[in-house]
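Below is one structure; the comments refer to it alone.
2 protein chains.
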Amino acid sequence: MLTDRQQQLLDYLRDYHSETGLMPSTREIQNHFGFASQTAAVSHLRALEKKGVIQRVAGKARALVFPEELEREEIVDIPIYGHIAAGMAAEAEQEQEGCLSIDISSLGIPRNAKTFALRVRGDSMIDAHIVSGDCVVLEFREPRNGDIVAALIDGETTLKRFVIQDDQPYLQAENEMYPDLTPARELIIQGVMVALLRRGEGKVA
Amino acid sequence: MLTDRQQQLLDYLRDYHSETGLMPSTREIQNHFGFASQTAAVSHLRALEKKGVIQRVAGKARALVFPEELEREEIVDIPIYGHIAAGMAAEAEQEQEGCLSIDISSLGIPRNAKTFALRVRGDSMIDAHIVSGDCVVLEFREPRNGDIVAALIDGETTLKRFVIQDDQPYLQAENEMYPDLTPARELIIQGVMVALLRRGEGKVA
DNA sequence: TTCCTATGCTTACAGACCGACAACAGCAAT
DNA sequence: ATTGCTGTTGTCGGTCTGTAAGCATAGGAA
Numbered sequence: 597m598l599t600d601r602q603q604q605l606l607d608y609l610r611d612y613h614s615e616t617g618l619m620p621s622t623r624e625i626q627n628h629f630g631f632a633s634q635t636a637a638v639s640h641l642r643a644l645e646k647k648g649v650i651q652r653v654a655g656k657a658r659a660l661v662f663p664e665e666l667e668r669e670e671i672v673d674i675p676i677y678g679h680i681a682a683g684m685a686a687e688a689e690q691e692q693e694g695c696l697s698i699d700i701s702s703l704g705i706p707r708n709a710k711t712f713a714l715r716v717r718g719d720s721m722i723d724a725h726i727v728s729g730d731c732v733v734l735e736f737r738e739p740r741n742g743d744i745v746a747a748l749i750d751g752e753t754t755l756k757r758f759v760i761q762d763d764q765p766y767l768q769a770e771n772e773m774y775p776d777l778t779p780a781r782e783l784i785i786q787g788v789m790v791a792l793l794r795r796g797e798g799k800v801a
Numbered sequence: 597m598l599t600d601r602q603q604q605l606l607d608y609l610r611d612y613h614s615e616t617g618l619m620p621s622t623r624e625i626q627n628h629f630g631f632a633s634q635t636a637a638v639s640h641l642r643a644l645e646k647k648g649v650i651q652r653v654a655g656k657a658r659a660l661v662f663p664e665e666l667e668r669e670e671i672v673d674i675p676i677y678g679h680i681a682a683g684m685a686a687e688a689e690q691e692q693e694g695c696l697s698i699d700i701s702s703l704g705i706p707r708n709a710k711t712f713a714l715r716v717r718g719d720s721m722i723d724a725h726i727v728s729g730d731c732v733v734l735e736f737r738e739p740r741n742g743d744i745v746a747a748l749i750d751g752e753t754t755l756k757r758f759v760i761q762d763d764q765p766y767l768q769a770e771n772e773m774y775p776d777l778t779p780a781r782e783l784i785i786q787g788v789m790v791a792l793l794r795r796g797e798g799k800v801a
């Protein structure tokens, strides 16, 4: 669909944009390709626009947009803390393992929700179909009865179902092999599960 | 952290950017807020930059960037077809239910991989911990033994494990209640599972 | 063959767009 | 009393897009 030269132009636009966050001006394109005029750059941009891979806004500087980016929903960046979220409650930012960026409508949360993610270790939630290695997205809010929550117990975070019975909250593992946990003193809930991301696929056992 | 006025500025930048894909010039900011000069806009931008919520590039037009966007990994847009992917094999784009946008490193796939997503219906893969309602991301490529695949059978797409035994491929459900499927004629594999997204959380049964 | 269109360039110029700076000022909080 | 916030007037000079006019090559259609 695109000619070689046009592909080179497009690659340059993408590189420039991902490095600087901006789009190049026609003269910057000119210099990069060694054109003697910016008109050459303009005509290429026109060609790219006609083929639909970029959009231009007349009269405005650096006014190039990739159509995908325009149509895209708003993206949120969710920090991934390790398995251990201890200290989280103290609002101290601890080591981030990385970041998960995803559009809000796929996640189904409001844009202003405070969220973070944890990587699951162990099989205590296996009956809720959450397996070791899964990445769980949690929202920082009050838990409701039956929510799956990340709770801080003995300095370590675990994922359990939050159940209230007779006005008494306790934590329930979704695995027959694990006992229920009734809080000794107080129960610190770090977040409520709102989504799960599994990367790869459970390979054959 | 931000003053009211600065928040208004920032909101305007976000709105403008999400609508047009561009950033406003200082004079556009001026007009929007009714300033008598663009210097007012500039000084606000400087304040926002000092507080770290935007970055500016000196001397370039419309050269404002949100830091989150710069740090963000590359995002891919994955079309979500319905439960039924029939016709997919024919390369005909059928109704899209929506789009899943996520960064490539969280997904763990190469940027040029051809991917699509399907919403899972039924419980035939329950033992692989894939439940009804899950959104499965698939890559269009040749399956390997043990991969979980979307396959076209009788005009409907199902998710099964792809197994080769004695040079004979067949499809295996991950649920004791379902039988294995040996292809009557040929087996059309539409994609290989590379990730899974579960929205919400399996509420208490 | 001939016409026509798409590609890929050049030179030259107009004119608006745009960021930067200098200098100043009222107001609030520390 | 100084700093930060929120503005004003005015100007300078480079940036940036747009347009006009032209040239060469290649491929498809008439």
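Keeping their order, the protein sequence lines are chains A and X. For the first sequence, the numbering used here assigns the number 597 to the initial residue and increments by one for each residue that follows. For the second sequence, the numbering used here assigns the number 597 to the initial residue and increments by one for each residue that follows. Glycine residues also receive a C-beta, built at the ideal position from the N, C-alpha and C atoms. The model shown is predicted, which means the values in this text are computed figures rather than measured ones.
Item                                                                                                                                    : Value
Proximity winner among A:His640, A:Phe631, A:Asp743 and A:Gly729, relative to Thr599 of chain A (alpha-carbon distances)                : A:His640
Residue-chain proximity (Thr616 of chain A, chain X), Cβ-Cβ < 9 Å                                                                       : yes
Unbroken alpha helix (DSSP H) run spanning Glu667 of chain A, endpoints                                                                 : Pro663 to Glu667
Straight-line Cα distance separating Ser720 of chain X from Arg748 of chain A                                                           : Reading off the sequence shown, one finds Leu at residue 748 of chain A, where the question assumed Arg. Those two C-alpha atoms are separated by around 35 Å.
C-beta neighbour in chain X for Glu689 of chain A, strict 9 Å                                                                           : The predicted model places Glu689 of chain A with a pLDDT of 47, which falls under 50 and marks its position as unreliable, so this point remains unresolved.
Residue ranges of each alpha helix (DSSP H) within the region 600-680 of chain X, 4 or longer                                           : 600-616, 622-629, 634-646 and 663-667
Short CB-CB distance (under 9 Å) between Ala682 of chain X and chain A                                                                  : For Ala682 of chain X, the predicted structure reports a pLDDT of 47, less than 50, and the residue's modelled location is therefore unreliable. A value from the coordinates is still provided. No, because no Cβ of chain A sits closer than 9 Å to the Cβ of Ala682 of chain X.
Straight-line gap, Asp750 of chain A to Glu645 of chain X (C-alpha atoms, nearest Å)                                                    : 42 Å
Residues of its chain near Arg794 of chain X, where Cβ-Cβ distance is below 6 Å and the 5 sequence neighbours each way are ignored      : Asp730
Per DSSP, cross-strand counterpart(s) of Tyr569 of chain X                                                                              : In the structure as shown, chain X starts at 597 and stops at 801, and residue 569 of chain X therefore has no counterpart that could be examined.
Distance between Arg737 of chain A and Ser633 of chain X (C-alpha atoms, nearest Å)                                                     : 44 Å
C-alpha gap between Leu767 of chain A and Gly718 of chain A, whole angstroms                                                            : 16 Å
Coarse secondary structure for Gln692 of chain X, derived from DSSP in three states                                                     : strand
Per-residue DSSP class, three states only, for Asp719 of chain X                                                                        : coil
Minimum Cβ-Cβ distance from Gln651 of chain X to chain A less than 9 Å                                                                  : yes
Against chain A: residues of the region 697-724 of chain X by CB proximity under 8 Å                                                    : Ser697, Ile698, Asp699, Ser701, Ser702, Leu703, Gly704, Ile722 and Ala724
Interface flag, Phe662 of chain A vs chain X, CB-CB below 9 Å                                                                           : yes
Per DSSP, the bridge partner or partners of Leu714 of chain X                                                                           : X:Tyr677 and X:Val732
Glu752 of chain A - partner residues in DSSP beta bridges                                                                               : A:Ile749
Proximal residues of chain A, C-beta to C-beta of Asp600 of chain X below 8 Å                                                           : What Asp600 of chain X touches in chain A: nothing, since even the nearest Cβ is about 17 Å away.
Chain-ordered neighbours of Ala746 of chain A on chain X, where CB pairs are closer than 8 Å                                            : Within 8 Å Cβ-Cβ: nothing; Ala746 of chain A doesn't reach chain X, min ~12 Å.
Spatial neighbours of Leu606 of chain X in its chain, beta-carbon cut-off 8 Å, leaving aside the 5 residues before and after            : Leu598, Leu644, Val649 and Ile650
Ala654 of chain X versus Ile700 of chain X: straight-line alpha-carbon distance, rounded                                                : 31 Å
Beta carbon of Glu669 of chain A nearer than 9 Å to that of Asp723 of chain A                                                           : no
Rounded C-alpha distance that separates Asp673 of chain X from Asp762 of chain A                                                        : 47 Å
Inter-residue CB distance, Arg652 of chain A and Ser621 of chain A (contact presumed, cutoff 8 Å)                                       : Wrong, their Cβ atoms sit about 12 Å apart, outside the cutoff.
Under 8 Å by beta carbon: chain A residues contacting Gly796 of chain X                                                                 : Gly704, Val790 and Ala791
Chain-order list of residues whose beta-carbon lies under 6 Å from that of Glu687 of chain A (same chain, five-residue window excluded) : In this predicted model, Glu687 of chain A has a pLDDT of only 41, less than 50, meaning its place in the structure is not dependable enough to derive any value.
Which of helix, strand or coil DSSP assigns to Leu792 of chain A                                                                        : strand
Selected residue, minimal CA-CA separation from Ile698 of chain A, among X:His613, X:Gly694 and X:Ile671                                : X:Ile671
Closer than 9 Å to chain X by CB, Glu667 of chain A                                                                                     : yes
Residue nearest to Gln602 of chain X in terms of C-alpha spacing, selected from X:Lys656, X:Val788, X:Lys647 and X:Arg757               : X:Lys647
Inter-residue CB distance, Leu666 of chain X and Gly617 of chain A (contact presumed, cutoff 8 Å)                                       : 5 Å
Delimiting residues of the alpha helix (DSSP H) encompassing Leu598 of chain A                                                          : Premise fails: Leu598 of chain A is in no alpha helix (DSSP H) and is neither H nor E.
Residue-level contact to chain A via CB, Ala659 of chain X, 9 Å cutoff                                                                  : yes
Closer than 9 Å to chain A by CB, Ile625 of chain X                                                                                     : no
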